[in-house]
Amino acid sequence: MGEQMKRRTFMKWTAGSVLASAGITATANVNLQDLSVQLALVQHGSNWKARPRALIRLAAEIRKRCNIPLRHRYSEPTLNQIANCATPILFLSGNSSFKPPSSEAARELRWILDSGGFLFFDDQDGRSDSPFYKSAVAFMAKVYPETPEPRILPADHTIYQSYYLLKEPRGRLSRADFLEGWPRGKFTPAIFSHNDLLGALEADQSGNWRYNLEIGGGFRRELCFRLAINLVYYSLTLNYKKDRAFPPVLKRRRRQ
Numbered sequence: 340m341g342e343q344m345k346r347r348t349f350m351k352w353t354a355g356s357v358l359a360s361a362g363i364t365a366t367a368n369v370n371l372q373d374l375s376v377q378l379a380l381v382q383h384g385s386n387w388k389a390r391p392r393a394l395i396r397l398a399a400e401i402r403k404r405c406n407i408p409l410r411h412r413y414s415e416p417t418l419n420q421i422a423n424c425a426t427p428i429l430f431l432s433g434n435s436s437f438k439p440p441s442s443e444a445a446r447e448l449r450w451i452l453d454s455g456g457f458l459f460f461d462d463q464d465g466r467s468d469s470p471f472y473k474s475a476v477a478f479m480a481k482v483y484p485e486t487p488e489p490r491i492l493p494a495d496h497t498i499y500q501s502y503y504l505l506k507e508p509r510g511r512l513s514r515a516d517f518l519e520g521w522p523r524g525k526f527t528p529a530i531f532s533h534n535d536l537l538g539a540l541e542a543d544q545s546g547n548w549r550y551n552l553e554i555g556g557g558f559r560r561e562l563c564f565r566l567a568i569n570l571v572y573y574s575l576t577l578n579y580k581k582d583r584a585f586p587p588v589l590k591r592r593r594r595q
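Now the structure itself:
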């Protein structure tokens, strides 16, 4: 796909995402399929699909709670196919090391993230020095060499306010009471979790949870869903809440 076509596709998804997040599902001149959002689980190394149904469950919850037209199935791009994603809301999950992107893929990902795309690293291991964490840092150093190290996101970061009001991040594990990220101005297009968030969302086809939470259950798992919903909502609405320009239709849908 040529560069012009990639940009055209990305502009379509960006415009569609804004309308979709505002609750506009279809008009006389807008195709609903063009407006629908599709999550992506990035292929890399091993164990990248160890939580195969987590994003399916997340998409269902977002459709139900937020009235955003998410597609039922997620895409599965490789690291070098990210630029071709119809809607670049990217999840990269694992517990082992993985290779950084090629120079060309890093440039394309940089452009995508700076244009409103979003990348979420989800560590299934949880150790602060895990191979997955080290690989994520090396990965982002190629994308943003001027910001090689992630920063701990403050408690008042928009990610904790985009839809639900949250005090701290949750997950299947309870290893870190913070998220890390690579900020670009007011937006943080890449975020890292040490707590295996997708592991908390994973369930079989009958709806039975696949993994017990390290601490607690019940409402704690609900808090995991709320964080995941916030991530997607954040990627669609950017910093509207912080900028005091949060659209009224979105503000009415936020939940305590």
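At position 149 of the sequence shown (counting the first as 1) the number is 488 in the numbering used here, and the numbers step up by one without a gap.
Built from N, CA and C at the ideal position, the CB exists for glycine as well.
Remember, predicted model here, so these are calculated numbers, not experimental data.
Taking the C-alpha atoms as reference points, what is the distance between residue i and residue j?
i: residue 409; j: residue 430; result: 15 Å
i: residue 459; j: residue 529; result: 6 Å
i: residue 505; j: residue 385; result: 32 Å
i: residue 436; j: residue 544; result: 29 Å
i: residue 463; j: residue 498; result: 21 Å
i: residue 417; j: residue 426; result: 14 Å
i: residue 538; j: residue 577; result: 25 Å
i: residue 595; j: residue 406; result: Note that residue 595 scores 48 on pLDDT, short of 50, meaning its location in the model is unreliable; the coordinates nonetheless yield the value given after this. Looking at the two C-alpha atoms, the distance is approximately 17 Å.
i: residue 575; j: residue 400; result: 16 Å
i: residue 501; j: residue 573; result: 5 Å
i: residue 564; j: residue 558; result: 10 Å
i: residue 466; j: residue 411; result: 32 Å
i: residue 473; j: residue 553; result: 23 Å
i: residue 395; j: residue 413; result: 7 Å
i: residue 438; j: residue 387; result: 13 Å
i: residue 393; j: residue 477; result: 26 Å
i: residue 404; j: residue 375; result: 16 Å
i: residue 546; j: residue 485; result: 44 Å
i: residue 522; j: residue 549; result: 33 Å
i: residue 526; j: residue 551; result: 33 Å
i: residue 555; j: residue 468; result: 25 Å
i: residue 445; j: residue 454; result: 14 Å
i: residue 514; j: residue 475; result: 17 Å
i: residue 536; j: residue 450; result: 26 Å
i: residue 419; j: residue 457; result: 16 Å
Starting from residue i, trace the alpha helix (DSSP H) in both directions and tell me its first and last residue.
i: residue 558; result: 558-576
i: residue 442; result: 442-453
i: residue 393; result: 393-405
If the criterion is Cβ atoms closer than 8 Å, does the pair residue i and residue j meet it?
i: residue 448; j: residue 440; result: yes
i: residue 571; j: residue 428; result: yes
i: residue 461; j: residue 442; result: no
i: residue 509; j: residue 534; result: yes
i: residue 520; j: residue 492; result: yes
i: residue 569; j: residue 503; result: yes
Below 8 Å on the Cβ atoms is my contact criterion, and I expect residue i with residue j to pass it. Report the Cβ-Cβ distance as a whole number of Å.
i: residue 531; j: residue 512; result: Going by Cβ atoms, the distance from residue 531 to residue 512 rounds to 13 Å, so no, they are not a contact pair.
i: residue 390; j: residue 541; result: 4 Å
i: residue 380; j: residue 567; result: That belief does not hold up - the Cβ atoms of residue 380 and residue 567 are roughly 13 Å apart, past 8 Å.
i: residue 601; j: residue 480; result: Given a span of 340 to 595 for the chain in the structure shown, any question on residue 601 remains unanswerable.
i: residue 423; j: residue 471; result: About 24 Å separates the two Cβ atoms, so there is no contact after all.
i: residue 382; j: residue 415; result: 6 Å
i: residue 605; j: residue 516; result: This structure cannot settle anything about residue 605, because the visible part of the chain is limited to 340 through 595.
Looking at the secondary structure, which residues open and close the beta strand (DSSP E) in which residue i lies?
i: residue 428; result: 428-433
i: residue 379; result: 378-380
i: residue 458; result: 457-462
Would residue i pass as an interface residue toward chain C - the criterion being a Cβ-Cβ separation below 8 Å?
i: residue 451; result: The chain labelled as chain C is not found in the depicted structure, where only one protein chain is given.
Under the criterion of a Cβ to heavy atom distance below 7 Å, does residue i qualify as lining the ligand MG?
i: residue 438; result: Although the ligand MG was asked about, the structure shown includes no ligands whatsoever.
Which parts of the segment 478-541 are runs of the beta strand (DSSP E), unbroken and 3 residues or longer, counting only runs that do not cross its ends?
519-523 and 526-532
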